[in-house]
Each structure stands twice: as C-alpha cells, then as structure tokens.
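Protein chains in written order, with our numbering: chain A, 4 to 385; chain B, 6 to 224. By construction, the Cβ of each residue, glycine as well, lies at the ideal position given by its N, Cα and C atoms. Nothing here was measured: the structure is a model prediction, and the numbers come from that model.
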C-alpha cells in the first residue's frame, strides 16, 4: 500500500500522474523512477531517463516495452514472467543501454502492485558505475600489491642466497691461496702438481662466484641496466638471433611490429631474456605436437600507458592441470626441464614494471607480457 | 718503531675469517682478527702500524659505519673492503670517504697482495707525517707567548725594528725573544725558521683535515 498522509487517502491512485506533489517527489528522486504495466510497457518515468540515459520522452513513449532499454532483456523478462500477478518487492542488478550505445550497470528496486485490477511494476534504479570502478581499482591494487610482494620476496631470497653461497666460496678460495703461498715459499721439493691443483681450486671458486652472480641477475636481484630501447628493434633482433634454430626445427616465425614504434626506458638484456624464454617454450610446445604449419607469431601492441608483446604458437596449448602452476618453480612439461624459466621471466618482467600472463587460444598458447610506457619517448621523427 | 705491520681482519663468518687469517699470514703479515666492528673498536689501540681488512656486510655496525668512525680517530687505519656484490654505489662511497680500495670476493692472491702493500705504505706515510708533526708541535709548544708573536712576524719578513713597533716593545727585547725562539725551534738562520714554520703549518693542516685532534695524547 502506498504510505501517505491520511488526507491523500481520498485521492484515487489513477490520478497519480496528475498530482503535482507526487510529480515533484518523483522528479526529486536520485536515479531512475519508472512504472511499467503488466505487458512491460513504460507508463511513467522521470527526467533522469533523459539525463542519465539520453532518451527523450518521445523515445520512451515509442518503446514497445521497457525491456528494450536493457542490454540483456532476457533475465528481466524471465523475472517478470515468474513474478506475474504476485505482489512482491524485488531487487536486482542489470545493465541499461544509453541512447549512444554505452552500458550503465544499475541496481534496481521494484515493487509489483495491483492497482485497480491492473498489475504494475513500480521501481527505481541507481547507477552502479562508480561503485564498480571503485571495486575494480581495489582489486587492481590488491593484485599489484601481491605482485610487488612476490618481487620483493624473490629479490630478497636471491640476495640472501647470493650472500650465503659467497661466504664458503670465499673461504675455499682464501684457503687454497694460502696453501699455494706457503708451498711456494717452502723448499723447492714441493710437488708441482699440488700447486696446479690448488690453482684449479682457486679458479673454480671464482667460477662458482660468477655463477651465483648470474643467478642473482636472472632472479632480478641484480642491478638492471636501463637504457632507451626501441621495442620493434629489440623484437626484430631477438627473432634474428633465433632464426637459424627455428629454421632447423621447421618452425616459421611471424612478426607484427608496432605501427608507431615505442622507445622504452628498460633493460634490453632482460627483456631479450624473457623473449628467448617464451620463444623457446613455444618451440618446445610445437615439437610436442606438430601442427600442419608450425608457426610462432609475435605481435606487438600499444596502449596509452604500456606496450604488450604477445608470443603465440599453434602447438597443443597449455594443459589444464598446469595452468595454475605455470609460473611456479620446478613445474615443467619438459622431462629434463628445471622449470625455472617462466618464474624467472615473470620476475624479470615484474621487476621492470610489467606483467606476464598466459592463456590458451584457439589452437595453441599465447604468452603476453607488458612493459610500462612511463619515461618514454616516441621513436624518431614523431 | 720498526714493528712488523699488523692487518686487522674484521669478518663475522668464522670460516671466512680464519681463511683470511691464513692467507694474510702466508703473505707475510701479522694479523689480529675480530668478529665484528664493535669488537674491533673496543680492542683497537692506537700506535700500531697496519691496515683494516673489512667485510662490507657486517652485522651490527655496517662496514661503512666502521670506516666513518675510525676515520675520526687520530690515526685512522687505511681500509681494504671486501664485498660479494657488484655494489658500484658502495665502491664510490668508500673511495670518497678515503678508504684505500674495495675488492670483489673471492679475492685473487695478487690483488690482495697489491692492496695490502698499498694500504701499508699509506699507513707508514701517514704515521711518519704524524710523527713529524708531533715533533714540531712539541718544539713550538715550548715558545712563550711573546716568543711566538715575535717568531710569527719574523717569518713574515718583518725587521726587528718593525716588530718592535708592531708589538710596542724595545728592539733589544725583540732580538732577545727572536734568538730564544729560533733556538727552541732549532732554526739556525731566517731561512731555516721560515722553512720549519711552513712545514709545521702544512702538517698541522693535514692533521686537521684527517679529523685528528690537534693536541695529542703522548704516544
């Protein structure tokens, strides 16, 4: 029943449309206000339909049904059908179309009411766009935080690893050098082979240390050297370097470069490393199940704030059970693989400010990584 | 003081510390080892010729802090830093603070040998200069206030007559103070006096630059 002042009890509901008070009330509501009859025809609406959605009164009068305003009218129709003839309050979320084709997600509050033997649906709708944007931002921030935490953890682990390993290696080297020195100053009857072995120990210790340094570099814990890098050129170089190998394996490579080249301030060596890893993986995948025309496609694209590199193959795609674990260490579809490649690639990309993702696409897998466009300059001539 | 040089090794990892001790002693130097910067600072006395061999990643006082602290002591020891990582930034900072060198671990025998030689040469030189400064300081300390004033004007090239006027004393008095002053600082001629004074001023300035306190504890 309508809640109203006792006096208004005497006014027949049919005169709602002409009542100045209720007119003002309806126009004062935030969001949309509407009344539709049991066939779905719009009987009454407030000006927010024009303000929010861009429809004139004539547009709305000419609508067959109010359902035509929905992006997907089917669920709403179904709901109305289910609830026909039942007095009920309802609440649901659905998207409306604006006159110029945009989508506006809305939260609907409706009442179904029989008035003078006719069933009406009377309701309001509020724009959810802002709420959705806020939720999306929050979700993005959470993801970003998780990514940064991962990078920090990996970096820290690598640093600790580096330090832990370096100490015993140093001690080995120092001891061997000390022994060498003592033997040299001792009598000349010292077996020269002993000296040689000790020299080897020193060399090997140095090699070990270099390996640790490289591992730290791979895990993104080392210093990255940033320079101005042309993306088109970098990818072309990478493809050029793998050309012979791809040819030997009978795999074609295709490149779709940027129409307008982007110059990023990033670490060229690390980006190349990621590219080699992805191309290598693509080739391995193809070798597992050869398609008719084995091809690896590299596609560059550009948005306002980042550049994306996609490496796509027409191999068997990523197995479902591996999908979640793809970027974890020691997960590999290769029998002798260490399973570190994708983890390292992702760490490198994230340390450079981007993201690395994977998905299956019709007939094959697509690995994409992005790199931010902050500190960039356009290529020459622009 | 013809002591054999001492290399002070500061390293928290026991095995690395021991391996460094073995290597440095095999190379012919005496060593004293400490597990931390604090331990070194507590035990270190002045007057020993040598240098510091320091790990950059020390727990507690970082290696660099230690260097800053010891640099403030009268006779800071030259420092050889050992570092595991390609810390270019760290290296630059170390050079600026006056450390001798920073070396990558694991260190090559010849590289360490050469760094030790440089460091100890630096220390010997610094000690010699400090000794000279001390000797001169002792001599100049013997001057009375008047003798000091007269000497200052003498080395500036003022004649006795002018000095008498400047200080408002008799020329005879000037001659007396001048003679005594020259004798005390060991100058036979005016040229000597000028030279000795210049040397003293130069040495004093260097000591101040190194943060050393001007008046010394006797050694």
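Boundaries of the alpha helix (DSSP H) around residue 130/B: 114-146.
In chain B, no part has a C-beta under 7 Å from the C-beta of residue 274/A; the shortest such distance is about 20 Å. Judged by pairs of C-beta atoms under 8 Å, the segment 16-28 of chain B does not touch the segment 350-363 of chain A, as fewer than three such pairs exist.
Per the Cβ contact rule, the segment 131-143 of chain B is not in contact with the segment 164-171 of chain B (fewer than 3 Cβ pairs under 8 Å). The Cβ atoms of residue 286/A and residue 299/A lie closer than 8 Å to each other. Residues of chain B with a Cβ closer than 9 Å to the Cβ of residue 360/A do not exist, since the nearest Cβ in that chain sits about 32 Å away. Assignment of residue 200/A by DSSP, reduced to helix, strand and coil, places it in the helix class. Annotation: Cβ neighbours of residue 174/A in chain B (cutoff 7 Å, chain order): 20, 21, 24.
Residues of chain B with a Cβ closer than 9 Å to the Cβ of residue 194/A do not exist, since the nearest Cβ in that chain sits about 18 Å away. Taking C-beta separations shorter than 8 Å and ignoring five residues to either side along the sequence, the partners of residue 69/A in its chain run 37, 39, 43, 44, 45, following chain order.
Looking at the DSSP output, residue 37/B shares a beta bridge with 13/B. With contacts defined as CB atoms closer than 8 Å, residue 197/A and residue 186/A qualify as a contacting pair. Between the segment 234-253 of chain A and the segment 199-209 of chain A, the count of C-beta pairs closer than 8 Å stays below three; the two stretches do not touch. Exclusion of the five residues before and after residue 118/B leaves 32 as the residues of its chain whose Cβ lies within less than 7 Å of its Cβ. Excluding the 5 residues flanking it on each side, residue 275/A has same chain C-beta neighbours closer than 7 Å at 237, 241, in chain order. Shown in chain order are the members of the segment 99-133 of chain B whose Cβ falls below 7 Å from a Cβ of chain A: 110, 111, 114. Minimum Cα-Cα distance from residue 212/A among the listed residues 182/A, 167/A, 193/A corresponds to 167/A. Sequence-distant partners of residue 176/A (beyond 5 residues in either direction) whose C-beta falls short of 6 Å from its own C-beta, in its chain, are 205, 208. By the C-beta criterion, the segment 106-116 of chain A is judged to be in contact with the segment 125-136 of chain A, since at least 3 inter-stretch pairs fall below 8 Å.
Within a 10 Å sphere around the beta-carbon of residue 142/A sit fewer than 16 other beta-carbons, which makes this residue exposed. Of the residues 140/A, 363/A, 214/A, 375/A, the one whose Cα lies closest to the Cα of residue 314/A is 363/A.
In the DSSP assignment, residue 130/A forms a beta bridge with 109/A.
In the three-state DSSP reduction, residue 116/A falls in the strand class (E or B). Nearest neighbour of residue 33/A by Cα position, chosen from 27/A, 284/A, 322/A, 51/A, turns out to be 51/A. In the three-state reduction of the DSSP assignment, residue 233/A falls in the strand class.
Flagged as an interface residue toward chain A: residue 31/B, by a C-beta distance shorter than 8 Å. In the displayed model, residue 307/A falls within coil according to three-state DSSP, outside both helix and strand.
Following the DSSP letters along the chain, one finds residue 100/A inside the beta strand (DSSP E) bounded by residues 91-100. Separation of residue 169/A and residue 46/B (C-alpha to C-alpha, rounded to the nearest whole angstrom) is 26 Å. Interface criterion met: the Cβ of residue 27/B is under 8 Å from a Cβ in chain A. For residue 194/B, there is no enclosing alpha helix (DSSP H), as DSSP gives it neither H nor E. Residues of chain B whose Cβ lies closer than 8 Å to the Cβ of residue 199/A do not exist, since the nearest Cβ in that chain is about 15 Å away. Residue burial annotation: residue 214/A is exposed, with fewer than 16 other C-beta atoms found within 10 angstroms of its C-beta. Bounds of any beta strand (DSSP E) do not take in residue 166/B; it lies within the alpha helix (DSSP H) bounded by 165-172. By the Cβ criterion, the segment 92-105 of chain A is in contact with the segment 71-83 of chain A, since at least three pairs of Cβ atoms, one from each stretch, lie closer than 8 Å. For residue 290/A, no beta strand (DSSP E) run applies; the uninterrupted alpha helix (DSSP H) run containing it begins and ends at 271-291, by DSSP.
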